[in-house]
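Here full-length UniProt numbering is used: position 27 in the sequence shown is 27, and no number is missing along the way. Each remark here refers to the structure printed beneath this line.
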Amino acid sequence: MSDTTTTVYDYEEISKHKTHDDLWVVLNGKVYDITSYIDEHPGGEEVIIDVAGTDATEAFDDIGHSDEAHEILQKLYIGNLKGAKPVAAKHAQDYATQDGGLNLPLIAVGIFLAGFAAYYYATQIA
Numbered sequence: 001m002s003d004t005t006t007t008v009y010d011y012e013e014i015s016k017h018k019t020h021d022d023l024w025v026v027l028n029g030k031v032y033d034i035t036s037y038i039d040e041h042p043g044g045e046e047v048i049i050d051v052a053g054t055d056a057t058e059a060f061d062d063i064g065h066s067d068e069a070h071e072i073l074q075k076l077y078i079g080n081l082k083g084a085k086p087v088a089a090k091h092a093q094d095y096a097t098q099d100g101g102l103n104l105p106l107i108a109v110g111i112f113l114a115g116f117a118a119y120y121y122a123t124q125i126a
């Protein structure tokens, strides 16, 4: 029988791991040792070091990482945050489907540009 006990870490322990050579983050209640990945991160190491040793969930979710990023994280998982209730991570496609899949600011800009183009065309022809 294998040991399936998940290691649980508190913030005091996690906060000790915030250097380039020893870097942990918390995402959605789960703890990841991303030390081995920091040099490969497409956004650069600075953005990761800025959130090292902390809960980086908001920063991670704000970017809308790809499915590949989530797969990489699975390999770097080392345990759970004490007292946290892990939640499902948001994938990039989740952002596209929020609010019915409509990006209202982008639609507003499109409507404005179409209206401006129609006005410009009408005033140049007349």
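Beta carbons are placed, not taken as given, at the ideal position from N, Cα and C, and that holds for glycine. None of these values were measured; they are calculated from a predicted model.
Pair within 8 Å by beta-carbon distance, residue i and residue j
{"i": "Gly29", "j": "Leu81", "result": "yes"}
{"i": "His20", "j": "Ile34", "result": "no"}
{"i": "Glu69", "j": "Val25", "result": "Checking the sequence, you will find Ala at residue 69 rather than Glu. Not closer than 8 Å, so no."}
{"i": "Thr7", "j": "Ile107", "result": "no"}
{"i": "Leu23", "j": "Ile48", "result": "yes"}
Beta bridge counterpart(s) of residue i as assigned by DSSP
{"i": "Tyr32", "result": "Val25 and Tyr77"}
{"i": "Lys18", "result": "Leu23"}
Per-residue DSSP class, three states only, for residue i
{"i": "Tyr37", "result": "coil"}
{"i": "Val8", "result": "strand"}
{"i": "Asp55", "result": "strand"}
{"i": "Pro42", "result": "coil"}
{"i": "Gly110", "result": "helix"}
{"i": "Asp61", "result": "helix"}
{"i": "Asp50", "result": "coil"}
{"i": "Glu115", "result": "Checking the displayed sequence, the identity of residue 115 turns out to be Gly instead of Glu. Here Gly115 sits in helix by DSSP."}
{"i": "Ala84", "result": "coil"}
Residues near residue i in its chain [Cβ-Cβ closer than 7 Å; skip 5 each side]
{"i": "Ala59", "result": "Val51"}
{"i": "Lys18", "result": "Ala52 and Gly53"}
{"i": "Lys85", "result": "Gly29"}
{"i": "His41", "result": "Ile48"}
{"i": "Thr5", "result": "none"}
Sequence-distant residues of its chain with Cβ nearer than 6 Å to residue i (five each side left out)
{"i": "Gly115", "result": "none"}
{"i": "Asp94", "result": "At Asp94, the pLDDT of 49 sits below 50, so the modelled position is not reliable and the matter cannot be decided from this model."}
{"i": "Glu45", "result": "Ile38"}
Integer Cβ distance of residue i from residue j, believed to fall under 8 Å
{"i": "Tyr9", "j": "Leu76", "result": "So it is not a contact: roughly 14 Å between Cβ atoms."}
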